[in-house]
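A short worksheet on the structure shown next.
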Amino acid sequence: MKLSYTPHTLYFKRPFKIAHGMRTSTPIVIIELEHEGVIGYGEASLPPYLGESHESVFAFLKTASLIIADCINPFDLDSLLNEIDLLAPNNSAAKASIDIALHDLIGKLQNKSCWQLFGAEKKNTPFTTYTLGIDEPDVIKQKIEDGRDYKILKVKLNGENDKAIINTIRSVTDKPIAIDVNQGWQNKEKALLMIEWLANKNVLFVEQALSKNNLEDARWLFERSPLPLYADESIQRFTDIHNIKDCFHGINIKLMKCTGMHEAFKMIKRARELQLKVLIGCMSETSCAISAAAQLSPFTDYADLDGALLIKNNLFDGITFTDGKITLNDSPGIGVTLK
Ligand code: MG
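Numbering (this note's numbering), first residue to last: 455 to 793.
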C-alpha cells in the first residue's frame with residue numbers, strides 16, 4: 455500500500471490572529487496524507503518559544519515522507535510512528551502532524567471515528583475550560599461574558615496581580631476556575647501561600663506553578679498543597695512521566711508536545727496506572743488538531759481545548775461544544791472537514 459504525501463502550509467502568509475484584540479499569531483502547518491483519493495488531515499502548531507518553525511517542519515516532513523511513501527502497512531502505527539520518531543530528536547509538532555493525519559486517514563479507510571478506534575465512550579467527554587488571559591479588569595469581565603456558555607474558566611496568573619485578577623473574576627462569577635501559572639511563581643513558599651489563598655475560591659487545580667526543571671521544589675509544593683497540582687511544561691512525552699510522578703497530582707498532555715494521538719493515548723494509560731489525573735490541552739490550533747485531541751478526551755478528567763475558539767481564521771469544521779461540553783461527531787477519522 456503506497457501513501458502519497460503532500461505537505462503544504464495554508465497559513466504561511468496569513469498567520470493566526472488570536473481573537474479579543476490580542477495582537478499575536480502562531481504559525482501552523484496543515485498536511486494532507488492521501489491514499490487512493492482518501493485524505494487524512496494533520497496539523498503542526500508552532501508557538502515560537504517551543505523552537506519549531508515552518509522551515510524545521512518542512513525539513514522534517516521531507517525526510518519522513520520517504521518512510522511514509524515506502525510504508526507497507528500504515529495500520530501498524532506503533533512501528534511506523536516509532537520509525538518516524540527516530541529520524542531526529544524533538545520536532546514534536548512536525549511528528550504530531552503526521553500522527554494526526556495517519557489517524558484521520560486510517561479512520562476514514564475503516565469508516566470509523568478515531569474515538570471508536572480508541573474504544574472511547576462518546577458521552578464521556580469533559581467540559582472544556584475557557585481561557586482568560588492576564589488583562590485589565592474590564593477586559594477580564596468582557597471575556598467572562600464572551601465565554602458565558604462555558605462552565606469552567608482557565609485563568610492565567612504570573613505572580614504580579616494574581617489576587618486582583620481572582621477578585622475581579624469572583625466579583626462577577628462563581629464558576630469553577632483552573633489556574634495556569636506557566637512557571638510564573640518564583641518561590642515555593644510564596645506559591646504555597648497563594649495556593650492556600652485560592653483553596654476556598656472554587657479553584658479546581660493549579661497548573662505548572664514553578665519552573666519546569668525545579669522538580670525538588672515541585673515535590674515540596676506537592677507534599678503541602680491543598681489544591682491538586684498539574685504538570686505542563688515539566689512533562690513533554692511518555693518517558694517524562696516517570697520523572698514527575700511524585701511531584702504532581704496530574705499531567706497536561708498536549709499533542710504538539712508528545713508527538714500526537716498515539717503517544718498521548720499511551721500516556722493516559724500510564725498516568726492512570728500511576729493514579730495521576732489527566733488534563734488534555736492544546737496550543738493555538740485550528741479545529742483539525744483540536745478535534746484530534748478531543749477524540750481522546752473521554753479518557754481524561756479535564757480538557758483545555760478552546761484553542762480554535764480563540765482564533766479568527768479557523769480552516770476546519772470539527773468537534774463542537776454544547777454548553778461547553780466537548781461534542782464528538784460520528785464522522786470517520788478525527789471528524790473534520792476543510793471549510
Ligand atoms: Mg499550561
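C-beta: ideal position from N, C-alpha, C; glycine also.
{"Item": "Burial state of Q690, where buried means 16 or more other Cβ atoms lie within 10 Å", "Value": "buried"}
{"Item": "Proximity of D628 and E661 at Cβ, strictly below 8 Å", "Value": "no"}
{"Item": "Proximity test, Q690 beta-carbon vs the ligand MG heavy atom, cut-off 7 Å", "Value": "no"}
{"Item": "Outcome for S625 when other beta-carbon atoms lying within 10 angstroms are tallied against a minimum of 16", "Value": "exposed"}
{"Item": "The ligand MG heavy atom lying under 7 Å from the CB of E661", "Value": "yes"}
{"Item": "Length of the line joining the Cα atoms of G789 and L782", "Value": "8 Å"}
{"Item": "Alpha helix (DSSP H) segment containing V511, residue limits", "Value": "508-523"}
{"Item": "T622: first and last residue of the uninterrupted alpha helix (DSSP H) it sits in", "Value": "616-626"}
{"Item": "Rounded C-alpha distance that separates R678 from C701", "Value": "11 Å"}
{"Item": "Whether H489 touches L571 by CB criterion (8 Å)", "Value": "no"}
{"Item": "Simplified DSSP assignment, three categories, for Y684", "Value": "strand"}
{"Item": "Cβ-heavy atom distance, D686 to the ligand MG, below 7 Å", "Value": "yes"}
{"Item": "Beta carbon of K711 nearer than 8 Å to that of C736", "Value": "no"}
{"Item": "For K610, the three-state DSSP class (helix, strand or coil)", "Value": "strand"}
{"Item": "Distance between E575 and S745 (C-alpha atoms, nearest Å)", "Value": "15 Å"}
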